[in-house]
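*Asks:*
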Amino acid sequence: MVTTRCGDGVKEDLLLPLRVSSLFYVFISFSVSQINLRLILVSGKTKEFLFSPNDSAADIAKHVYDNWPMDWEEEQVSSPVILRLIYQGRFLHGNVTLGALKLPLGKTTVMHLVARETLPEPNSQ
Numbered sequence: 001m002v003t004t005r006c007g008d009g010v011k012e013d014l015l016l017p018l019r020v021s022s023l024f025y026v027f028i029s030f031s032v033s034q035i036n037l038r039l040i041l042v043s044g045k046t047k048e049f050l051f052s053p054n055d056s057a058a059d060i061a062k063h064v065y066d067n068w069p070m071d072w073e074e075e076q077v078s079s080p081v082i083l084r085l086i087y088q089g090r091f092l093h094g095n096v097t098l099g100a101l102k103l104p105l106g107k108t109t110v111m112h113l114v115a116r117e118t119l120p121e122p123n124s125q
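Once you know that position 106 of the sequence shown is 106 in the UniProt record's numbering, the rest is easy, because the numbers rise by one and skip nothing.
Structure representation (structure tokens):
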């Protein structure tokens with residue numbers, strides 16, 4: 001853990017070693033005040049993004065659309081509005097924030113990202 005001072009106070013970053021070869025390691029840093037989302041497409045391709053607990057599902061969809069990974073080119077969609085997040089088997093509505101889901105800070109959370117025009121109707125159970 002590395003602690004640094006920034007404009008609005010103290011920031012803590014987690015440094016994780018990633019072995020590149022038998023001789024070399026690369027250290028990956030991400031903030032413990034953010035949530036690391038690993039997004040999985042239907043094709044099985046994955047990519048990780050960092051978000052604030054205040055970010056909503058709509059914010060995340062817009063960010064991913066604006067920063068669409070090059071290796072996801074075949075799955076490119078026409079608009080961020082049709083991108084939907086699935087967490088624990090449920091579609092997230094656009095206004096739901098990561099903080100409202102009580103996701104752990106500084107940890108990786110896995111969600112699915114799909115293209116879908118409308119959300120399914122909620123169960124009447």
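All C-beta atoms in this analysis are idealised placements derived from N, C-alpha and C, irrespective of residue type, glycine included.
1) Using a threshold of 8 Å, state whether the C-beta atoms of Lys45 and Trp68 are closer than that.
2) Considering His112, what are the terminal residues of the beta strand (DSSP E) in which it resides?
3) Which of the three DSSP states, helix, strand or coil, is assigned to Leu101?
4) Just to confirm, is the Cβ distance from Lys102 to Pro80 under 8 Å?
5) Tell me the rounded alpha-carbon separation between His93 and Ala57.
6) Starting from Ile60, trace the beta strand (DSSP E) in both directions and tell me its first and last residue.
7) Leaving out five residues before and five after His112 in sequence, what residues of the same chain have Cβ atoms less than 6 Å from its Cβ?
8) Looking only at its chain, what residues have a beta carbon closer than 8 Å to the beta carbon of Val77, apart from the 5 residues adjacent to it on each side?
9) Measuring only the C-alpha atoms, how far is Thr118 from Phe91?
*Replies:* Taking the geometry as given:
1) Taking the sequence shown and counting its residues from 1, one reaches residue 45 at position 45. Taking the sequence shown and counting its residues from 1, one reaches residue 68 at position 68. No; because the gap between Cβ atoms is not below 8 Å, this pair is not in contact.
2) For this step, residue 112 is matched to residue 112 along the sequence shown. It spans Thr108 to Ala115 - the beta strand (DSSP E) in which His112 sits, taken as one unbroken run.
3) Walking along the sequence shown from the start, residue 101 turns up at place 101. In the structure shown, Leu101 sits in coil (DSSP, three-state: anything other than H, G, I, E or B).
4) One-based indexing of the sequence shown puts residue 102 at position 102. One-based indexing of the sequence shown puts residue 80 at position 80. No, the pair does not count as a contact, with Cβ atoms beyond the cut-off.
5) Taking the sequence shown and counting its residues from 1, one reaches residue 93 at position 93. Taking the sequence shown and counting its residues from 1, one reaches residue 57 at position 57. If I take the Cα positions, the gap works out to 7 Å.
6) For the purposes of this step, residue 60 is taken as residue 60 along the sequence shown, with counting starting at 1. Unbroken run through Ile60 is the alpha helix (DSSP H), Ala57 to Asp66; no beta strand (DSSP E).
7) Taking the first residue of the sequence shown as position 1, residue 112 is located at position 112. Hits under 6 Å: Ile40 and Ile86.
8) Stepping through the sequence shown from its first residue, residue 77 is reached at position 77. The residues are Tyr65, Leu83 and Ala115.
9) Within the sequence shown, numbered from 1, the residue matching residue 118 stands at position 118. Within the sequence shown, numbered from 1, the residue matching residue 91 stands at position 91. Distance between the alpha carbons of Thr118 and Phe91: 10 Å.
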